[in-house]
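Which chain is which? The protein sequence lines are B and U, in order.
Using the UniProt record's numbering, read the first sequence as starting at 1 and increasing by one per residue.
Using the UniProt record's numbering, read the second sequence as starting at 1 and increasing by one per residue.
In this text, a Cβ means the ideal position worked out from N, Cα and C, and glycines have one as well.
Just so we're clear, the structure is a prediction, and the values are computed from it rather than from any experiment.
Below: one structure, written as structure tokens.
Protein chains: 2
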Amino acid sequence: MAISSSNTALPFKPHQQQLFRSNNQFSAPLIGQKTKPITSLDRQKLATRSHTIPRVLSKPTDSVPFSLADFQTEAKDNEQKTHEPKSPPLTDTWREIHGESDWVGLLDPMDALLRSELLRYGEMAQACYDAFDFDPFSKYCGSCKYTRRQDFFTRLGMADSGYDVSRYLYATSNINLPNFFKKSRWPKVWSTNANWIGYVAVSNDERSKVLGRRDIVIAWRGTVTRLEWIADLMDYLRPISSDKIPCPDPTVKVESGFLDLYTDKKENCNFCKYSAREQILTEVSRLIEMYPNEELSITITGHSLGSALALLSGYDIVETGINVLGDSRAIPVCVFSFSGPRVGNVRFKERVERLGLKVLRVVNVHDIVPRSPGFIFNESMPQMLMKAAEGLPWSYSHVGVELALDHKNSPFLKSDGDLVCAHNLEAHLHLLDGYHGKGHRFVLASGRDPALVNKGCDFLKDHYMVPPHWRQDENKGMVRSADGRWTQPDRPKLDEHPNCMLRRLRQLGLGQ
Amino acid sequence: MAISSSNTALPFKPHQQQLFRSNNQFSAPLIGQKTKPITSLDRQKLATRSHTIPRVLSKPTDSVPFSLADFQTEAKDNEQKTHEPKSPPLTDTWREIHGESDWVGLLDPMDALLRSELLRYGEMAQACYDAFDFDPFSKYCGSCKYTRRQDFFTRLGMADSGYDVSRYLYATSNINLPNFFKKSRWPKVWSTNANWIGYVAVSNDERSKVLGRRDIVIAWRGTVTRLEWIADLMDYLRPISSDKIPCPDPTVKVESGFLDLYTDKKENCNFCKYSAREQILTEVSRLIEMYPNEELSITITGHSLGSALALLSGYDIVETGINVLGDSRAIPVCVFSFSGPRVGNVRFKERVERLGLKVLRVVNVHDIVPRSPGFIFNESMPQMLMKAAEGLPWSYSHVGVELALDHKNSPFLKSDGDLVCAHNLEAHLHLLDGYHGKGHRFVLASGRDPALVNKGCDFLKDHYMVPPHWRQDENKGMVRSADGRWTQPDRPKLDEHPNCMLRRLRQLGLGQ
Chain B
1 MAISSSNTAL PFKPHQQQLF RSNNQFSAPL IGQKTKPITS LDRQKLATRS HTIPRVLSKP
61 TDSVPFSLAD FQTEAKDNEQ KTHEPKSPPL TDTWREIHGE SDWVGLLDPM DALLRSELLR
121 YGEMAQACYD AFDFDPFSKY CGSCKYTRRQ DFFTRLGMAD SGYDVSRYLY ATSNINLPNF
181 FKKSRWPKVW STNANWIGYV AVSNDERSKV LGRRDIVIAW RGTVTRLEWI ADLMDYLRPI
241 SSDKIPCPDP TVKVESGFLD LYTDKKENCN FCKYSAREQI LTEVSRLIEM YPNEELSITI
301 TGHSLGSALA LLSGYDIVET GINVLGDSRA IPVCVFSFSG PRVGNVRFKE RVERLGLKVL
361 RVVNVHDIVP RSPGFIFNES MPQMLMKAAE GLPWSYSHVG VELALDHKNS PFLKSDGDLV
421 CAHNLEAHLH LLDGYHGKGH RFVLASGRDP ALVNKGCDFL KDHYMVPPHW RQDENKGMVR
481 SADGRWTQPD RPKLDEHPNC MLRRLRQLGL GQ
Chain U
1 MAISSSNTAL PFKPHQQQLF RSNNQFSAPL IGQKTKPITS LDRQKLATRS HTIPRVLSKP
61 TDSVPFSLAD FQTEAKDNEQ KTHEPKSPPL TDTWREIHGE SDWVGLLDPM DALLRSELLR
121 YGEMAQACYD AFDFDPFSKY CGSCKYTRRQ DFFTRLGMAD SGYDVSRYLY ATSNINLPNF
181 FKKSRWPKVW STNANWIGYV AVSNDERSKV LGRRDIVIAW RGTVTRLEWI ADLMDYLRPI
241 SSDKIPCPDP TVKVESGFLD LYTDKKENCN FCKYSAREQI LTEVSRLIEM YPNEELSITI
301 TGHSLGSALA LLSGYDIVET GINVLGDSRA IPVCVFSFSG PRVGNVRFKE RVERLGLKVL
361 RVVNVHDIVP RSPGFIFNES MPQMLMKAAE GLPWSYSHVG VELALDHKNS PFLKSDGDLV
421 CAHNLEAHLH LLDGYHGKGH RFVLASGRDP ALVNKGCDFL KDHYMVPPHW RQDENKGMVR
481 SADGRWTQPD RPKLDEHPNC MLRRLRQLGL GQ
């Protein structure tokens with residue numbers, strides 16, 4: 001079957017399984033896919049080119065038991081048959097994709113290269129969940145299951161990511177967010193105070209060539225599944241400068257719990273004796289020093305509560321100015337966030353904009369988290385009322401550009417998915433993959449497997465026969481030793497912090 | 001530390017971790033263990049020898065967080081230090097162990113060789129659970145996960161079992177036990193009518209030498225976890241002869257549902273076009289023919305509802321007389337059952353005894369299943385009342401010799417385990433391993449791993465840090481294909497029935 005390249009909708013023929021169509025038209029190299037030769041178009045062309053998105057499909061239906069296995073075949077067929085023009089290379093267009101022009105003209109219709117880059121960073125945020133040990137019966141509960149140096153991306157099936165993890169991030173669990181942290185029941189645990197909360201990675205030489213710059217990524221973990229942490233938020237805005245972040249304006253405020261998570265530490269803990277903030281600032285400055293003569297970018301990603309940390313840390317980097325080089329050039333900093341809550345007040349939003357931090361927020365309109373905190377006073381109020389409410393501690397505002405998805409548009413998903421489904425990161429990546437703009441039909445662009453949606457939830461329609469919550473370790477990590485006993489194997493010692501921490505903290509004016 | 005070889009209880013010293021002690025005194029080769037040279041004692045000696053069971057330990061305690069890892073070390077230490085006399089070889093004693101003398105003198109105190117044999121057969125029953133695919137999202141739901149020929153015992157970590165599976169058993173799910181069968185949600189499923197329900201295996205040459213005979217094992221699967229099937233029982237006793245089982249006495253009756261399960265078939269189904277009964281009788285007679293000049297035994301095992309099938313099929317074999325050889329010698333038939341319900345009435349019990357079928361029932365006194373069906377009228381009533389109730393359809397009676405265990409005696413287990421825990425087969429094997437007789441302390445005899453208890457339930461005390469329900473497949477069996485898609489791999493075609501079935505059925509007088 002040929003692909004329609006016009007905007008005319010084809011009649012829906014479920015029996016021909018037109019539901020799944022790969023659109024390689026503007027596809028960028030995705031993790032795990034080989035890069036293909038790409039024609040050279042400049043970024044003006046990128047912003048103004050006509051979008052000829054195939055309109056094959058799609059309409060939710062429950063009556064046709066199409067299977068995901070058929071999709072596989074169709075995608076392959078399609079690959080062989082179509083010869084659409086390729087996307088311009090990232091080397092030409094990455095600044096635009098990275099938000100230099102606030103994604104104007106790239107979101108509706110949806111730019112294919114931006115979409116695939118969002119998927120790529122989204123998968124780096126997803127990696128934080130997939131690698132996190134949240135089993136309270138594990139003696140490593142609260143840590144990362146894989147070692148940073150040897151096997152982080154490999155064990156996650158992302159060996160071709162083109163990034164090396166340069167540092168693991170830890171936060172102290174001694175703060176007022178009991179439903180965020182996971183604690184082991186073991187008496188002798190790897191740490192009683194710390195939780196693994198994300199990582200910093202940097203693109204390798206080969207990937208940097210494709211990306212057009214050396215990319216430093218910070219990925220923050222969110223909450224594992226449940227949404228109770230929203231209820232834990234104190235709904236209390238605190239001046240960001242109260243925690244030694246050098247903001248000149250004391251009316252710039254953020255949610256107190258997020259600020260605690262970002263700045264708190266525990267002196268006698270090997271892992272969280274430095275705050276997440278200190279870990280991030282020292283690591284980013286170290287990496288910038290490592291690549292003195294290269295073009296660099298800083299890309300921060302996170303889902304859910306991790307999205308709040310992404311915004312806070314992005315803001316912090318531009319506020320402290322550690323992204324500004326000796327010659328006053330600023331390394332662009334961008335946040336790609338997924339289903340994130342509001343973080344601060346309107347002044348915080350204005351401050352972020354003034355400092356040039358770019359924020360693209362991917363949300364699902366049925367997800368309650370982006371509506372938290374600040375159900376009553378938020379940026380959607382009439383401006384006059386908002387102005388009046390500005391001094392109140394509960395006047396929250398979102399920051400940046402929103403990309404609103406709607407899970408009811410995907411024919412793969414149950415329409416009655418619960419709140420946890422609507423908030424799921426894999427579901428967002430699936431929705432993104434099928435998104436081509438407001439009012440456009442849902443067409444999967446990358447061939448990314450919809451089965452991934454059910455890794456940690458029960459959201460795919462039952463007739464696809466993908467087991468709900470299917471991602472699980474064999475025997476919960478128990479292995480049988482040579483003498484027949486079932487035990488939890490010991491893991492390699494977790495990295496603590498580099499020796500240069502204290503020196504770097506002093507350099508950054510953060511020394512004690 | 002030395003092991004006490006007297007009956008004097010040692011004071012309880014939890015800090016010295018005396019809790020776990022390997023008793024190799026009468027140990028028989030267990031699956032996965034090497035056989036050791038054994039002294040030659042005749043079976044009179046076996047029955048009358050003095051039992052010098054070590055009394056190290058044990059008293060339930062919650063206060064001492066001893067770990068299972070320590071157990072491992074202790075067991076090894078113990079192995080090196082102790083030089084107790086070994087058990088007589090099975091070649092001398094297997095008839096006794098197999099119930100020839102109704103286990104008189106072997107149960108209290110508990111004979112070590114019988115215990116280890118019970119564990120071995122119990123593990124063969126447990127294999128039915130571990131190999132069963134009960135995920136309704138699997139297209140093979142209701143089947144055995146592993147192939148019969150290549151990898152059944154290997155995949156279960158029982159490569160050294162010394163048995164070859166000669167046949168898989170299927171039953172039709174079209175009977176009145178809805179909570180026993182598992183049905184896939186796939187539209188195109190391996191079978192809409194059949195469920196895998198057990199297997200027949202036969203000892204190989206090497207193992208047969210150790211066992212003293214060629215052993216034919218029939219292992220029946222029970223219900224996976226829940227106990228609803230008890231409620232499904234119609235509590236209705238039907239004459240066993242009504243289903244063409246050649247019982248001369250029409251007052252011999254068994255529970256109608258069990259009889260259905262054993263005798264029903266579905267003509268147009270490749271897997272259950274023969275009843276479980278027909279499969280068993282033809283297979284056993286085929287195997288007997290295969291080894292004409294050898295000493296043979298038939299050992300039947302099962303847990304829960306599988307225990308009912310074990311008893312029924314054992315009875316059937318001796319009633320039809322397929323175990324009787326040309327020279328009128330009868331191959332001994334024995335049932336080792338675990339947490340089985342009552343199966344028939346007093347007449348059934350008497351008939352079983354008359355026919356020489358030996359039955360040893362291992363139960364946990366806190367398990368409700370052995371009290372079903374027949375809560376009101378059963379064998380524990382005064383004999384006169386029982387006699388009066390005999391004609392009533394609900395006057396059930398247990399058969400054979402009972403070995404009653406008590407989960408409150410194990411210091412490893414939570415005392416408040418629920419009904420499903422109390423019924424769990426792995427829990428029974430653990431209790432058996434620690435059982436030395438009525439009033440004797442609980443001492444693990446074989447070094448069998450207590451962690452196995454939590455494979456499919458939440459019964460071990462939390463401080464052992466063994467995850468509850470830990471036995472699970474990686475990613476619920478989903479695997480990532482070369483092109484990055486997650487799918488359920490196809491499995492090799494399941495064995496149907498051998499070509500000789502019809503001929504054999506005619507030979508047995510069962511042909512249509």
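- Contact with chain U is found for Arg-471(B), since one of that chain's Cβ atoms lies less than 8 angstroms from the residue's Cβ.
- Shortest Cα-Cα distance from Ser-395(U) to any of Thr-91(U), Arg-371(U) and Arg-354(U) involves Arg-371(U).
- Interface with chain B (8 angstroms Cβ-Cβ cutoff): Pro-492(U) is excluded.
- Here Leu-309(B) carries a helix assignment [DSSP, helix/strand/coil].
- Here Pro-489(B) has Val-479 as same chain residues with Cβ atoms under 6 angstroms from its own Cβ, once five neighbours each way along the sequence are excluded.
- Between the region 188-207 of chain U and the region 88-105 of chain U there are fewer than three inter-stretch CB-CB distances shorter than 8 angstroms, so the stretches are not counted as touching.
- His-407(U) and Trp-470(U) have their C-alpha atoms spaced approximately 20 angstroms apart.
- Its chain contains Lys-182 and Val-224 as the residues whose beta carbon lies nearer than 6 angstroms to that of Phe-134(U), once the 5 sequence neighbours on both sides are disregarded; these appear in chain order.
- Less than 8 angstroms divides the Cβ of Tyr-262(U) from the Cβ of Leu-312(U).
- Per DSSP, Asp-433(U) is one residue of the alpha helix (DSSP H) stretching across 425-433.
- Beyond the five residues adjoining it in sequence on each side, Asn-176(B) comes within less than 7 angstroms, by CB distance, of Asp-232, Met-234, Gly-257 and Asp-260 in the same chain, given in chain order.
- With contacts defined by Cβ atoms closer than 8 angstroms, Ile-216(B) and Leu-114(B) do not form a contacting pair.
- In this structure Ile-331(B) touches Ser-297(B) by the C-beta definition: roughly 6 angstroms separates them, less than 8 angstroms.
- Within the model, the alpha-carbon separation for Lys-244(U) versus Leu-508(U) is close to 12 angstroms.
- Neighbourhood of Gly-162(B) in chain U, by CB distance below 9 angstroms: empty, with the nearest CB roughly 16 angstroms away.
- The beta-carbon of Arg-155(B) is placed no less than 8 angstroms from the nearest beta-carbon of chain U.
- Inter-segment contact for the region 427-443 of chain B and the region 444-453 of chain U is absent: fewer than three beta-carbon pairs are separated by less than 8 angstroms.
- Every unbroken stretch of the alpha helix (DSSP H) spanning 4 or more residues and falling wholly within the region 482-508 of chain U is given here in chain order: 501-507.
- As for any beta strand (DSSP E) of minimum length 3 sitting wholly inside the region 202-283 of chain U, the runs are 214-220, 237-239 and 253-255, ordered along the chain.
- If you look at Ile-298(U), you'll find it in the beta strand (DSSP E) that goes 296-303.
- Residue contact with chain U for Trp-196(B): absent (no Cβ-Cβ distance below 8 angstroms to any residue of chain U).
- About 14 angstroms separates the beta carbons of Ala-308(B) and Leu-169(B), which is beyond the 8 angstroms limit, so they are not a contact pair.
- Per DSSP, reduced to three states, the secondary structure at Met-478(B) is coil, with no helix or strand assignment.
- With respect to chain B, the C-beta atom of Lys-145(U) has no partner C-beta closer than 8 angstroms.
- Gly-122(B) has its alpha-carbon roughly 10 angstroms from the corresponding atom of Leu-432(B).
- Per DSSP, Asp-418(U) lies in no beta strand (DSSP E) and is assigned neither H nor E.
- Within 10 angstroms of the beta-carbon of Leu-360(U) lie 16 or more other beta-carbons, which makes it buried.
- Leu-425(B) and Val-453(B) have their alpha carbons spaced roughly 8 angstroms apart.
- Taking 9 angstroms as the cut-off between beta carbons, the residues of the region 475-486 of chain U near chain B are Asn-475, Lys-476, Gly-477, Met-478, Arg-480, Ser-481, Asp-483, Gly-484, Arg-485 and Trp-486, in sequence order.
- In this structure, Gly-314(U) is the residue among Gly-314(U), Lys-253(U) and Phe-137(U) with its C-alpha nearest to the C-alpha of Val-200(U).
- Sixteen is the threshold: since fewer than 16 other Cβ atoms of the shown chains lie within 10 Å of the Cβ of Cys-500(U), the residue is exposed.
- Contact annotation: in the region 121-151 of chain B, residues whose CB is within less than 8 angstroms of a CB in chain U are Asp-135, Phe-137, Ser-138 and Lys-139.
- DSSP links Phe-338(B) through a beta bridge to His-303(B) and Val-362(B).
- With its beta carbon at least 8 angstroms from every one in chain B, Val-189(U) lies outside the interface.
- Taken through DSSP and simplified to helix, strand or coil, Val-189(U) comes out as coil.
- Taking 9 angstroms as the cut-off between beta carbons, none of the residues of the UniProt domain "Fungal lipase-type" (217-374) of chain U comes near chain B.
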